[in-house]
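Chemist: One structure follows; several queries about it will come next.
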Amino acid sequence: MKGSALIRLLLLVLLVAFLLTPQSFRPVFQPFAANGAPAIYTQSSLLALTLSHLAMVGVATLAAAIVSIGLAVLVTRPAGREFLPLSRSIANIGQTFPPVAVLALAVPVFGFGPIPTLIALFLYGLLPIFENTLTGLTTVPHSVQEAARGVGMTDTQRLISVELPLALPIILAGIRLTAVISLGTATIGSTVAAKTLGEVIIAGLISNNTAFVLQGGLVVALLALFIHQGFTSLEARIGRQAGAMQPAQ
Amino acid sequence: MIEINGITKVYEGIRAVDDVSLKIGSGEIVTVVGTSGSGKTTLLRMINRLVEPTSGTILIDGRDNRDLPGHELRRAIGYAIQGYGLFPHRTVAQNIATVPKLLGWDKKRIESRVDELLALFHLEPSQFRARMPHELSGGQQQRIGVARALAAEPAVLLMDEPFGALDPIIRGKAQEDLIEIQRRFATTIVLVTHGMDEAIRLGHRIAVMDKGKLLQFAAPAELIAHPATAFVADLAGRADRAFRLLSLSPVVDLLEPGEASGEPIGAQASLKDALSEALWSGRAALPVLRDGAIVGRVTREKLMARAGQPQ
Amino acid sequence: MSAGFDLQATTRRGAGLDRLGVLLAAIVAAGLALQPFCLFRANRIVAAKPVGLLSALPPLESQIVLGLIVVASVLLLLRTPSPLRLSVSVLTLVLLAFAIGRAGVYLTPSSNTYARVAPGGGFWFAAFAFAIALADAAVRLRMPPLGRLALLALIGGALWLFLWSGACDALSILREYANRADVFWREARVHLFLAAGSLAAAAVVGIPLGILCVRVRPLRAALLNSLNILQTIPSMALFGLLIAPLAWIGAHVPGASAIGIAGIGIAPAFVALFAYSLLPMVSNTVAGLESVPVQARDAARGMGMTARQRFMEIELPLAFPVILTGIRIVLVQNLGLAVLAGLIGGGGFGTFVFQGISQTATDLVLLGALPTVALAFAAAIVLDAAVEMTRPMTSASARKSKSLFERHDE
Ligand SMILES: Nc1ncnc2c1ncn2[C@@H]1O[C@H](COP(=O)(O)OP(=O)(O)OP(=O)(O)O)[C@@H](O)[C@H]1O
Ligand SMILES: [Mg+2]
């Protein structure tokens, strides 16, 4: 436990150092650069790309979270129950759309740039959060529901002070899943000129420079690792406070 | 015949079964009772070698049960596990046919055996053969579990709390079925149970276990009348010991000539039922009915006397 | 549960408006009123001219088509029985396809091979709305697996017939197709080979690994963790990172290049897809085997089955639906990810997508994207049905299906 925390800290320091002073890592990547090609990507600042990458994932995940949590709440209320099966099917169907296809289809409508990527990330992020929120909201123990009704809470009060807090760890697990998947998917956005770390990877693919591919891929993988880690510990802490509801993943 | 000699099982320093010896006769029903964790299941599973003993031997019909490979031994011994353990992806008929198929019976013989067993357990074959386990009630699943254990006509049947999850009425029926089957096939049965009532009702002899040790192995009447230790006495229940005794004997035991009025009682009903009926209806004597005719009476006085002085 | 559902169904089917129907009819109306039904370009380069539904077809025809769409929308708007809604949706989708095909023929002057007609926003909105209506009706009808497969076959067959009949040949996407029919089918084969071949390889390796994980506890955590980490590497990077090692192998290992191992082309794509497929295969095999009820396992041992018999007759069949779910996840994911092969010269439908993106040729993008979406969608429906049919609890209501057409039971 202690050891793995130390390794994570070390990785974080390395990542920050790399983003701030990429050139100092040149010797590490030089062996991967094909004969004499530059070892470090300099077309744009790696730090700026990383921040823009993270911002895009953050915005898309936040939007997906708001929409899918709202939708899940809606379809679990008596008034919206009839849409539960349909919304589930649609979320499932959405997931079968390949992300590249979503990107490609969004370009003619929205043009090149960040918008198609945001849309693809948003659509792709809906299902995990929606599914987990549903699980969380529908598995609140019956006795707890009854108790809440028994002390005279209104439906809204029950939702806000009982159901959502109890479901929170599971919802967070869904958001984590979405964020981690989006982090990888966002790289594809660079094929339609979104500013993400995919740019570095594509530059590597085009110029046959493994060093670029490696640095782009590593930064994304490390970001995914930290986001995963951050969310899991947050879930665990909230889970301990809220009591024993098991996250779905 | 099953001969258990000084069998011991040690799990990580815990003696789950501790030097247990007992002899079970052919065609006998032995019930094993004890508190949770007392080693009943472990003892049972050492008989068909689902658990290998740490020391001691078990002879079945004079042969060491380690003479055969484990799986062959188990095909010859019926085993009904707690929670039935039906295979969820197989039909009722396929479940029952498991061991006969392993033994390579031909198709005709398997089919007729399956139908025979279903009929025996009051399940209409044409209706139940093709059902899946989840399409059965708990009581029906339990019966299929026992039918499956009996399918290859084993001489020995091991049962681990087979009636645990059933409601009292269904459990009563299942117990009757079991007694009937045992009578018919003279199967040797070792049955693990939590409940003393069940142990008394089914067992020709009862083995009482506590903390891995065998405390007493005796017929029900003996066990109740002369408990070997305070624990056994406790388990048998001092308070209604008298009534337990009464419930062991049929009305014919106290049958005497004479007349009595009111609703008659069956000759095979227990003395306990007779006493409660007499007390309940405020009668001094009950007429006794056998094969549709009144054959005599049983008096409250004698019933009370029997309850007061157990032999 | 079923009582609750029936009650819900009858109240929903009472007189009045269907809430989803209102939304869908609004989408159809807004789409057809505000967006062009199709886009006309005199040639591939000039800007597109929007064309409304009424001017996209000969006068009488366009009025009939519009009238039929209105009738269909009204039928969705009202509380009509599900079978009716299902047929209305299917028929209207066919009608839309027919109309767009006719529009292509009508708007293109004969003998003009440069003019292009593409479906416009109005078409897409209407098609989307009726597709949702179709899904809704299918969900409400609680179609059994075979019914869903039949519906899929019906729609697929109709689409095929339609394309084959040439009714749509004037549309720009089919023009693109006609220009490169040979290449299209070659890339289609490559795409399928990449997706299904890497799945097969992952199954052959992953299922035994999963079985091993269940038996050898320490291996389990180690293997699943490393596969998890592999999964965090973005797909594009993984494709790229494999180029160098595979090029080295192709150049240095005798015979490797003969079987197609090289730094560019299909090999890195295949290996990357294989690597991504491994985690779902292994973890679903583990989950499947662990979901086998302890009592069934114990009973099998108690009945005298040998270890081999227990595995083949009890554990594997009971784990199979979960393993099949893993295969479904992998196949749908691979069909999508295989598009990326187009980036590194690995072929597949991605070739058209990325060519189209770089030339800003929407039709070319569609030529790659639409078959990909259709394949992924069909694969999901087929495998969902297969998973449902292999569950031991066939015919039961006590089943929690995770299919595209989610059921009502809760
Ligand atoms: N596989 C095992 N590994 C370790 N300890 C075990 C194992 N099986 C049983 N034990 C221990 O052996 C003791 C006896 O267990 P056993 O299952 O025989 O009890 P039991 O009398 O059948 O209890 P119950 O009535 O609850 O079924 C218990 O303390 C149990 O924890
Ligand atoms: Mg036990």
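As they're listed, the protein sequences go chains Z, X and R. Just so we're on the same page, the numbering used here is the position in the first sequence counted from 1, plus 3. Just so we're on the same page, the numbering used here is the position in the second sequence counted from 1, plus 7. Just so we're on the same page, the numbering used here is the position in the third sequence counted from 1, plus 2. Where a beta carbon is used, it is the ideal one built from N, C-alpha and C, also for glycine.
(1) How is VAL48 of chain R classed by DSSP in three states: helix, strand or coil?
(2) Give me the Cα-Cα distance between ALA123 of chain Z and HIS78 of chain X, rounded to the nearest whole angstrom.
(3) For ligand 2, I want to know if THR308 of chain R counts as a neighbour, meaning its beta carbon is within less than 7 Å of at least one of the ligand's heavy atoms.
(4) Cutting at 6 Å between CB atoms, please list the residues of its own chain near GLY92 of chain X, excluding the five before and the five after it.
(5) Is it buried or exposed for LYS16 of chain X, if we count other Cβ within 10 angstroms and need 16 for buried?
(6) Is the separation between the beta-carbon of VAL78 of chain Z and that of LEU87 of chain Z shorter than 8 Å?
(7) Examine chain Z for any beta-carbon lying closer than 8 Å to the beta-carbon of MET145 of chain R, and answer yes or no.
(8) Give me, in chain order, the residues of the same chain whose beta-carbon lies closer than 6 Å to that of ALA74 of chain R; leave out the 5 immediate sequence neighbours on both sides.
(9) For ARG43 of chain R, which residues of its own chain have a beta-carbon under 6 Å away from its beta-carbon, when the five flanking residues on both sides are left out?
(10) Output, in sequence order along the chain, the residues in the segment 324-335 of chain R whose CB is closer than 9 Å to any CB in chain C.
(11) Hey, how far is the Cα of ARG179 of chain Z from the Cα of GLY242 of chain Z?
(12) Closest Cβ-Cβ distance between ASN55 of chain X and chain R: below 8 Å?
(13) Distance, Cα to Cα, ASP20 of chain R vs PHE272 of chain R?
(14) Between the C-alpha atoms of LEU29 of chain X and ARG152 of chain Z, what's the straight-line distance to the nearest angstrom?
(15) Under the assumption that THR190 of chain Z contacts MET238 of chain R (Cβ atoms under 8 Å), give the Cβ distance between them as a whole number of angstroms.
(16) Could you tell me the alpha carbon to alpha carbon distance between ALA8 of chain Z and TRP187 of chain R, rounded to whole angstroms?
(17) Apply the 10 Å Cβ neighbour rule to MET53 of chain X and answer buried if 16 or more other Cβ atoms are within range, or exposed otherwise.
(18) How would you call GLU238 of chain Z, buried or exposed, if buried means at least 16 neighbouring beta carbons within 10 angstroms?
(19) In whole angstroms, give me the CA-to-CA distance for ASP411 of chain R and GLU85 of chain Z.
(20) Classify MET307 of chain R: buried if its beta carbon has 16 or more other beta carbons within 10 angstroms, exposed otherwise.
(21) If you follow the beta strand (DSSP E) that GLN223 of chain X is part of, which residue opens it and which one closes it?
(22) Going along the segment 261-283 of chain R in order, which residues come within less than 7 Å of chain Z, judged by CB to CB distance?
(23) Which same chain residues, not among the five before or five after ILE251 of chain R, have their C-beta less than 6 Å away from its C-beta?
(24) Examine chain R for any beta-carbon lying closer than 8 Å to the beta-carbon of PHE94 of chain X, and answer yes or no.
(25) Quick one: which chain R residues come within Cβ less than 7 Å of SER210 of chain Z?
(26) In the DSSP assignment, what residue or residues form a beta bridge with CYS471 of chain R?
(27) Check whether the Cβ atoms of GLU202 of chain Z and SER193 of chain Z lie closer than 8 Å to each other.
(28) How about GLY44 of chain X: is its Cβ closer than 7 Å to a heavy atom in ligand 1?
(29) Does DSSP put ILE263 of chain R in a helix, a strand or coil?
(30) Are SER348 of chain R and GLY267 of chain R closer than 8 Å when you measure CB to CB?
(31) What residues from the segment 51-83 of chain X come within 9 Å of chain R, judged by C-beta to C-beta, listed N to C?
(32) Would a check of beta-carbon distances place GLN252 of chain Z closer than 8 Å to chain R?
(33) Measure the C-alpha to C-alpha separation of TYR18 of chain X and ASN72 of chain X and round it to an integer number of angstroms.
(34) To the nearest angstrom, how far is the alpha carbon of SER285 of chain R from that of PHE322 of chain R?
(35) Closer than 7 Å to a non-hydrogen atom of ligand 2 - does that hold for the CB of ASP217 of chain X?
(36) Does the Cβ of THR193 of chain R have 16 or more other Cβ atoms within 10 Å, making it buried, or fewer, making it exposed?
Modeler: Taking the structure as given:
(1) Within the third sequence, numbered from 1, the residue matching residue 48 of chain R stands at position 46. Three-state result, VAL48 of chain R: coil.
(2) Indexing the first sequence from 1 puts residue 123 of chain Z at position 120. Indexing the second sequence from 1 puts residue 78 of chain X at position 71. For ALA123 of chain Z and HIS78 of chain X, the distance between alpha carbons rounds to 57 Å.
(3) Within the third sequence, numbered from 1, the residue matching residue 308 of chain R stands at position 306. It does not: the Cβ of THR308 of chain R is nowhere closer than 7 Å to a heavy atom of ligand 2.
(4) Locating residue 92 of chain X in the second sequence gives position 85, counting from the first residue. Answer for GLY92 of chain X: no residue qualifies.
(5) The sequence position of residue 16 of chain X within the second sequence is 9, counting from 1. With 16 or more other Cβ atoms within 10 Å, it is buried.
(6) For the purposes of this step, residue 78 of chain Z is identified with residue 75 of the first sequence, where counting begins at 1. For the purposes of this step, residue 87 of chain Z is identified with residue 84 of the first sequence, where counting begins at 1. Their beta carbons are under 8 Å apart, which means VAL78 of chain Z touches LEU87 of chain Z by this criterion.
(7) Mapped onto the third sequence, residue 145 of chain R falls at position 143. No, because no Cβ of chain Z sits closer than 8 Å to the Cβ of MET145 of chain R.
(8) Taking the third sequence and counting its residues from 1, the one referred to as residue 74 of chain R is at position 72. Cβ within range, chain order: VAL90 and THR94.
(9) Sequence index remark: in the third sequence, residue 43 of chain R carries index 41 (1-based). Hits under 6 Å: ALA50 and ARG118.
(10) No chain C appears in the structure shown, which is made up of the protein chains Z, X and R.
(11) The sequence position of residue 179 of chain Z within the first sequence is 176, counting from 1. The sequence position of residue 242 of chain Z within the first sequence is 239, counting from 1. Distance between the alpha carbons of ARG179 of chain Z and GLY242 of chain Z is about 15 Å.
(12) Residue mapping note: residue 55 of chain X aligns to position 48 of the second sequence, counting from 1. So, interface residue.
(13) Along the third sequence, read from residue 1 onward, the residue named residue 20 of chain R stands at position 18. Along the third sequence, read from residue 1 onward, the residue named residue 272 of chain R stands at position 270. So the two alpha carbons sit approximately 48 Å from each other.
(14) Your numbering for residue 29 of chain X matches position 22 in the second sequence. Your numbering for residue 152 of chain Z matches position 149 in the first sequence. Taking the straight line joining both Cα atoms gives about 59 Å.
(15) Within the first sequence, numbered from 1, the residue matching residue 190 of chain Z stands at position 187. Within the third sequence, numbered from 1, the residue matching residue 238 of chain R stands at position 236. Contact holds; Cβ gap of about 5 Å.
(16) Here the question's residue 8 of chain Z lines up with position 5 in the first sequence. Here the question's residue 187 of chain R lines up with position 185 in the third sequence. The alpha-carbon atoms of ALA8 of chain Z and TRP187 of chain R are separated by roughly 52 Å.
(17) Residue 53 of chain X sits at position 46 when you count from the first residue of the second sequence. Its Cβ being crowded by 16 or more others within 10 Å, MET53 of chain X is buried.
(18) Residue 238 of chain Z sits at position 235 when you count from the first residue of the first sequence. So GLU238 of chain Z ends up on the buried side.
(19) On the third sequence, position 409 is the one that residue 411 of chain R refers to. On the first sequence, position 82 is the one that residue 85 of chain Z refers to. In this prediction, ASP411 of chain R scores a pLDDT of 34, lower than 50, which makes its location untrustworthy; no coordinate-derived value is stated.
(20) Within the third sequence, residue 307 of chain R is the residue found at index 305, counting from 1. Buried, because 16 or more other Cβ atoms sit within 10 Å of the Cβ of MET307 of chain R.
(21) Locating residue 223 of chain X in the second sequence gives position 216, where the first residue counts as 1. Here the beta strand (DSSP E) through GLN223 of chain X covers 220-225.
(22) none
(23) Here residue 251 of chain R corresponds to residue number 249 of the third sequence, with the count starting at 1. Excluding positions up to five away in sequence, the list reads ALA258 and ILE263.
(24) In the second sequence, residue 94 of chain X corresponds to position 87, counting from 1. Yes, contact with chain R.
(25) Within the first sequence, residue 210 of chain Z is the residue found at index 207, counting from 1. Residues of chain R passing the Cβ test: none, with the nearest at roughly 11 Å.
(26) Residue 471 of chain R is absent from the structure shown; chain R starts at 3 and stops at 412.
(27) By one-based count along the first sequence, residue 202 of chain Z stands at place 199. By one-based count along the first sequence, residue 193 of chain Z stands at place 190. Yes. Within cutoff.
(28) Looking up residue 44 of chain X in the second sequence gives position 37. At least one heavy atom of ligand 1 is nearer than 7 Å to the Cβ of GLY44 of chain X, so yes.
(29) Sequence index remark: in the third sequence, residue 263 of chain R carries index 261 (1-based). Reduced to three states, the DSSP call for ILE263 of chain R is coil.
(30) The residue labelled residue 348 of chain R in the question sits at position 346 within the third sequence. The residue labelled residue 267 of chain R in the question sits at position 265 within the third sequence. Correcting the residue type first, residue 348 of chain R is Gly in the shown sequence and not Ser. Cβ distance < 8 Å, so GLY348 of chain R and GLY267 of chain R count as in contact.
(31) ARG52, ASN55, LEU57, PRO76, GLY77, HIS78, GLU79, LEU80, ARG81, ARG82 and ALA83
(32) Sequence index remark: in the first sequence, residue 252 of chain Z carries index 249 (1-based). Confidence in GLN252 of chain Z is poor, its pLDDT being 41 and thus under 50, which makes the residue's placement unreliable; the coordinate value appears in the next sentence. By this cut-off, GLN252 of chain Z is not an interface position.
(33) In the second sequence, counting from the first residue as 1, residue 18 of chain X sits at position 11. In the second sequence, counting from the first residue as 1, residue 72 of chain X sits at position 65. Distance between the alpha carbons of TYR18 of chain X and ASN72 of chain X: 21 Å.
(34) Your numbering for residue 285 of chain R matches position 283 in the third sequence. Your numbering for residue 322 of chain R matches position 320 in the third sequence. So the two alpha carbons sit approximately 13 Å from each other.
(35) The residue you call residue 217 of chain X lines up with position 210 of the second sequence. Incorrect: ASP217 of chain X has no Cβ contact closer than 7 Å to ligand 2.
(36) Taking the first residue of the third sequence as 1, we reach residue 193 of chain R at position 191. Correcting the residue type first, residue 193 of chain R is His in the shown sequence and not Thr. By the 10 Å Cβ count, HIS193 of chain R comes out buried.
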